[in-house]
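Input: a single structure, listed below in structure tokens.
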Amino acid sequence: MRYVLFIAFHYLTFGIAAQDTAALKAALLGRWEVVEYAEQGIQVNKKENALPQAMAVYQHVNKQRALIYYGYDEELGERRTRAYERWQERDSTHEINRLIQVIAMPYYAVFFADSTLALYNKDVTSNIIQFPESRRYVFSPGTMSIDIALPGGYGIQWQAQVLELTAGRMVLFLPEEAELVVLIKRDFSLP
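Each residue of the sequence shown is one higher than the one before, starting from 3 at the first, in this note's numbering.
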């Protein structure tokens, strides 16, 4: 394991340093579609069937949701009541349907040359942009990292390590969430 980490470190350090920083910056610019990310701690693929993934996410968080939203803690040996079971049925149905929508809806990140990052969902059925956000980013080719700041530049929201950046694919590691995010470059034109 140490040998693999040693090789990966040296590849990242010397292989990336040898690449042209202008080419790396040019590769970053454009519209990227998020195809894989972690939803509440479970890695999901937005291009696969959303139902089984949503069920896996709910299974992962259902005890925590029961404690937060209902006050039920299975670890304390509490007895399940009918009211709790009815709540759990309603909660699972609602949350799984919500997760299906979240996983299935395309999510885009657009990197502009002026260090603006636009993030948004796009409903494929109605072609409507939903939940648009704007951020500022600083890309450091030497360390292959991207700092993404809150609007107005007030503090860092994410510190992403770029594990892979090609003309068509980018893989980010977000250490705060211990999450891998895979993005694919998509064509677009400005109005």
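Beta carbons are placed, not taken as given, at the ideal position from N, Cα and C, and that holds for glycine. No experiment lies behind these values; they were computed from the predicted model shown.
Check	Outcome
Own chain, CB closer than 8 Å to R171, minus 5 neighbours either side, in chain order	V184, L185, I186, K187
Alpha-carbon spacing of V112 relative to Y86, whole angstroms	44 Å
7 Å CB neighbourhood of V6 in its chain, flanking five on each side removed	A caution first: V6 carries a pLDDT of 44, below 50, which makes its placement in the model too unreliable to give a value.
Helix, strand or coil at V63 [DSSP, three-state]	helix
Closest by C-alpha distance to A28, when choosing among G73, S117, L182, D125	S117
Option nearest D189 by Cα separation, candidates L31, E97, A24, S94	L31
Close beta carbons around P193, own chain, < 8 Å, minus the five adjacent residues each side	Its pLDDT being 42, under 50, P193 is placed unreliably in this model, and the value from its coordinates should be taken loosely. Excluding positions up to five away in sequence, the list is empty.
Buried/exposed call for V59, threshold 16 Cβ in 10 Å	buried
Nearest-angstrom Cα separation, counted from Q163 out to P143	10 Å
Range covered by the alpha helix (DSSP H) that runs through V104	84-106
Among Q61, Q103, H96, nearest to N51 - alpha-carbon criterion	Q103
Option in R100, L167, N129, I130 with minimal Cα separation from Q42	R100
Chain C within 8 Å of S128, Cβ atoms only	In the displayed structure, chain C is absent; only one protein chain is listed.
Where G32 falls: helix, strand or coil (DSSP)	strand
Neighbourhood of Q55 by C-beta distance below 6 Å, restricted to the same chain and skipping five residues each side	V46, I105
F133 burial status per 10 Å Cβ neighbour count (16 or more: buried)	exposed
Endpoints, beta strand (DSSP E) assigned at L119	118-125
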